[in-house]
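Comments concern the structure below.
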Amino acid sequence: MNSSGMSIAQQAPEAALAALRSGAQGLSADEARRRLKEFGFNRVEAVPREPLWLTLLREFSHFFALILWLAAGLAFLAAHFAPGQGMAELGLAIVGVIVVNGCFSFWQSYRAEQALAALRQLLPQQVQVRRDGRALEVPATELVPGDLVLLAEGVKVPADCRLVESWGLRVNIATLTGESRPRPRSAAAVSDAIADPLTARCLVLAGTLIVAGECSAVVYATGMRTEFGRIAHLAQTAGEVESPLQSEIRRVSRLVALLALGLGILFFAIGQAIGLPFWVNFIFAIGIIVANVPEGLLPTVTLSLAMATQRMARRNALVRHLPAVETLGSATVILTDKTGTLTQNRMTVRELFVGGRHHLAPERWPRADDLRLRAVARFCHGLK
Numbered sequence: 021m022n023s024s025g026m027s028i029a030q031q032a033p034e035a036a037l038a039a040l041r042s043g044a045q046g047l048s049a050d051e052a053r054r055r056l057k058e059f060g061f062n063r064v065e066a067v068p069r070e071p072l073w074l075t076l077l078r079e080f081s082h083f084f085a086l087i088l089w090l091a092a093g094l095a096f097l098a099a100h101f102a103p104g105q106g107m108a109e110l111g112l113a114i115v116g117v118i119v120v121n122g123c124f125s126f127w128q129s130y131r132a133e134q135a136l137a138a139l140r141q142l143l144p145q146q147v148q149v150r151r152d153g154r155a156l157e158v159p160a161t162e163l164v165p166g167d168l169v170l171l172a173e174g175v176k177v178p179a180d181c182r183l184v185e186s187w188g189l190r191v192n193i194a195t196l197t198g199e200s201r202p203r204p205r206s207a208a209a210v211s212d213a214i215a216d217p218l219t220a221r222c223l224v225l226a227g228t229l230i231v232a233g234e235c236s237a238v239v240y241a242t243g244m245r246t247e248f249g250r251i252a253h254l255a256q257t258a259g260e261v262e263s264p265l266q267s268e269i270r271r272v273s274r275l276v277a278l279l280a281l282g283l284g285i286l287f288f289a290i291g292q293a294i295g296l297p298f299w300v301n302f303i304f305a306i307g308i309i310v311a312n313v314p315e316g317l318l319p320t321v322t323l324s325l326a327m328a329t330q331r332m333a334r335r336n337a338l339v340r341h342l343p344a345v346e347t348l349g350s351a352t353v354i355l356t357d358k359t360g361t362l363t364q365n366r367m368t369v370r371e372l373f374v375g376g377r378h379h380l381a382p383e384r385w386p387r388a389d390d391l392r393l394r395a396v397a398r399f400c401h402g403l404k
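If you want this note's numbering, it's the 1-based position in the sequence shown plus 20.
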């Protein structure tokens with residue numbers, strides 16, 4: 021029952037059923053309940069994440085935000101000792117920048133996390149299963165290893181399964197591999213040379229879609245033990261690495277802080293040297309420090325990244341963290357095994373060779389005078 025997908029794939033259907041202690045009649049209701057207690061529910065479990073209040077707090081406590089808090093505090097201090105100079109209004113403006121920027125960044129991150137949570141919706145809610153020799157519908161969350169499921173065209177695969185019987189079966193595995201072209205599947209065992217469950221022809225994996233045919237299959241992995249569950253786990257636990265933009269902002273923030281503080285100390289020393297009153301000199305130094313803090317940098321960067329995130333979202337690209345938008349611009353080499361990852365995954369005619377001459381493809385292809393080309397092209401494809 022704990023056999024891996026590839027060991028199951030290398031066995032004949034009868035041997036796979038025996039290895040999972042199941043049979044052509046499926047599991048009994050009592051055995052299904054026992055296995056449900058042993059293996060747990062068939063669902064994508066959410067990894068414990070930090071509380072929302074802590075995520076929100078982080079947006080107000082990074083290094084550049086701390087510099088702005090310090091600048092606002094100094095502005096309020098100056099307003100206390102020298103009212104009427106506009107320092108209180110400046111302090112309020114800086115606090116407003118921090119609050120608006122922090123809330124906006126938090127909202128963007130929260131929306132991305134909610135989109136990731138939609139991964140759970142890729143698994144079906146109900147599934148047809150054979151138990152005690154009878155076909156019945158059960159919640160997909162109650163599937164267990166050894167269950168015999170019945171799948172047909174248009175049904176999402178609820179768990180990792182090994183085919184027992186199949187009739188003209190084709191499966192869309194784009195959710196796992198990105199390949200949009202449906203793949204044929206059959207119940208025949210694979211050779212020992214195959215080492216990847218994603219390519220094994222006798223396996224159908226959770227989250228994929230049956231686009232043609234019918235089959236019966238025995239479940240060998242459920243929940244987070246499936247390939248889909250493994251991907252969901254990786255998506256939820258991916259560590260956060262500082263992006264090039266974050267690294268540069270942190271460097272600039274430190275430079276700005278040192279520069280502002282240095283100038284403030286320098287002008288304070290000059291004021292003391294020329295005999296200015298202490299409090300006048302102190303307020304002036306605070307003004308110099310606050311004036312050298314770029315309050316507009318943080319909202320400008322956040323707004324730019326948010327606009328880029330929205331553009332990518334319109335192209336179905338999900339960005340979890342705003343600074344990650346800029347990271348792709350720092351990439352120098354991209355390694356990929358398929359063009360569909362980088363392109364629109366669509367074949368488009370760009371140039372024709374007809375009658376011994378090259379033609380650029382017009383927007384409305386083919387042209388009215390290419391009747392023979394149209395007649396031939398009508399049948400030269402693999403569309404069903």
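Even glycine gets a Cβ: it sits at the ideal position worked out from N, Cα and C. Because the structure is a prediction, the values reported are computed rather than measured.
- prompt: Touch check for the region 149 to 164 and the region 118 to 134: three-plus C-beta pairs under 8 Å?
  reply: Put simply, the region 149 to 164 does not touch the region 118 to 134. Fewer than three CB pairs are less than 8 Å apart.
- prompt: Does the region 300 to 320 come close enough to the region 281 to 292 that 3 or more CB-CB pairs lie under 8 Å?
  reply: Of all C-beta pairs linking the region 281 to 292 to the region 300 to 320, three or more are shorter than 8 Å, placing the two stretches in contact.
- request: Just list the alpha helix (DSSP H) runs in the region 184 to 264, keeping only unbroken ones of 4 residues or longer that don't cross its boundaries, in chain order.
  value: Annotation: the region 184 to 264 contains the following complete segments of the alpha helix (DSSP H) (minimum length 4 residues), in chain order: 194 to 197, 247 to 257.
query: Which one of A108, L76, V175 has the shortest CA to CA distance from Y130?
result: On the sequence shown, position 110 is the one that residue 130 refers to. Comparing Cα positions, the closest option is L76.
query: Per DSSP, what kind of secondary structure is C400 in: helix, strand or coil?
result: The residue you call residue 400 lines up with position 380 of the sequence shown. Note: C400 maps to coil in three-state DSSP.
- prompt: Would you say V231 and R190 are within 7 Å of each other, going by their C-beta atoms?
  reply: Within the sequence shown, residue 231 is the residue found at index 211, counting from 1. Within the sequence shown, residue 190 is the residue found at index 170, counting from 1. At the C-beta level, V231 and R190 come within 7 Å of one another.
- prompt: Under three-state DSSP, which class holds Q292?
  reply: The sequence position of residue 292 within the sequence shown is 272, counting from 1. Q292 falls in the helix class under three-state DSSP.
field: Status (buried if at least 16 other CB within 10 Å, exposed otherwise) for C222
entry: Counting from 1 along the sequence shown, the entry for residue 222 is found at position 202. Buried, because 16 or more other Cβ atoms sit within 10 Å of the Cβ of C222.
message: Suppose you measure from the CA of V345 to the CA of A333; what does that come to, to the nearest Å?
response: Position 325 of the sequence shown, counting from 1, holds the residue named residue 345. Position 313 of the sequence shown, counting from 1, holds the residue named residue 333. If you take the alpha carbons of V345 and A333, they lie about 11 Å apart.
query: So, V272 versus A91, is the Cβ gap smaller than 7 Å?
result: Residue mapping note: residue 272 aligns to position 252 of the sequence shown, counting from 1. Residue mapping note: residue 91 aligns to position 71 of the sequence shown, counting from 1. No; because the gap between Cβ atoms is not below 7 Å, this pair is not in contact.
query: Roughly how many angstroms lie between the CA atoms of F96 and G111, to the nearest whole one?
result: Taking the sequence shown and counting its residues from 1, one reaches residue 96 at position 76. Taking the sequence shown and counting its residues from 1, one reaches residue 111 at position 91. Inter-residue distance for F96 and G111 is about 6 Å (C-alpha atoms, whole angstroms).
message: Does T257 pass the burial test, meaning 16 or more other C-beta atoms within 10 Å, or should it be called exposed?
response: Taking the first residue of the sequence shown as 1, we reach residue 257 at position 237. The residue in question, T257, is exposed, as its Cβ has fewer than 16 Cβ neighbours within 10 Å.
task: Have a look at the DSSP bridge pairing and note the partners of F373.
output: Taking the first residue of the sequence shown as position 1, residue 373 is located at position 353. In the DSSP assignment, F373 forms a beta bridge with H378.
- request: Please confirm if the region 166 to 176 is in contact with the region 143 to 154, defined as three or more CB-CB distances below 8 Å between the two stretches.
  value: The region 166 to 176 vs the region 143 to 154: in contact.
task: Measuring alpha carbon to alpha carbon, tell me which of S236, C235, I193 ends up nearest P217.
output: The residue given as residue 217 occupies position 197 in the sequence shown. Closest by alpha carbon: I193.
field: Residue closest to V18, alpha-carbon to alpha-carbon, out of P314, G233, A179
entry: Coverage of the chain is limited to positions 21 through 404, which leaves residue 18 absent and any answer about it impossible.
- prompt: On the three-state DSSP scale, how would you describe A98?
  reply: Here residue 98 corresponds to residue number 78 of the sequence shown, with the count starting at 1. DSSP, reduced to helix, strand and coil, places A98 within a helical segment of the structure shown.
For D176, the residue or residues it bridges with in DSSP: On the sequence shown, residue 176 is found 156 positions in, with the first residue counted as 1. First, the residue type needs correcting, since residue 176 is Lys and not Asp in the sequence shown. BP columns for K176 point to L229.
query: So what does L170 bridge to, in DSSP terms?
result: Position 150 of the sequence shown, counted from the first residue, corresponds to residue 170. According to DSSP, L170 bridges with Q148, S236.
query: Buried or exposed: where does G46 fall if 16 or more other Cβ atoms within 10 Å of its Cβ makes it buried?
result: As a working mapping, residue 46 is identified with position 26 in the sequence shown. Flag for G46 reads buried.
- prompt: In three-state DSSP terms, what is R334?
  reply: By one-based count along the sequence shown, residue 334 stands at place 314. Three-state result, R334: helix.
Residues that V158 bridges to, as DSSP identifies them: One-based indexing of the sequence shown puts residue 158 at position 138. Bridge partners of V158 according to DSSP: V147.
Alpha-carbon to alpha-carbon, V164 and N22: Indexing the sequence shown from 1 puts residue 22 at position 2. Indexing the sequence shown from 1 puts residue 164 at position 144. Since pLDDT at N22 reaches only 40, below the 50 mark, its modelled position is unreliable, and no value is offered.
message: Using C-beta distances below 8 Å, list every residue in its chain close to D276, excluding the 5 sequence neighbours before and after it, in chain order.
response: Position 256 of the sequence shown, counting from 1, holds the residue named residue 276. A quick correction: the sequence has Val, not Asp, at residue 276. Only I87, N312, V313, P314 meet the Cβ criterion.
message: Measuring only the C-alpha atoms, how far is V321 from E247?
response: Taking the first residue of the sequence shown as 1, we reach residue 321 at position 301. Taking the first residue of the sequence shown as 1, we reach residue 247 at position 227. Going by the C-alpha atoms only, they are around 38 Å apart.
- request: Could you please give me the residues that DSSP links to C181 through a beta bridge?
  value: Counting from 1 along the sequence shown, the entry for residue 181 is found at position 161. V224, V239, per the DSSP bridge assignment.
message: Going by DSSP in three states, S23 sits in which element: helix, strand or coil?
response: Counting from 1 along the sequence shown, the entry for residue 23 is found at position 3. Here the model assigns S23 a pLDDT of 45, short of 50, so the residue's position is not dependable and the matter cannot be decided.
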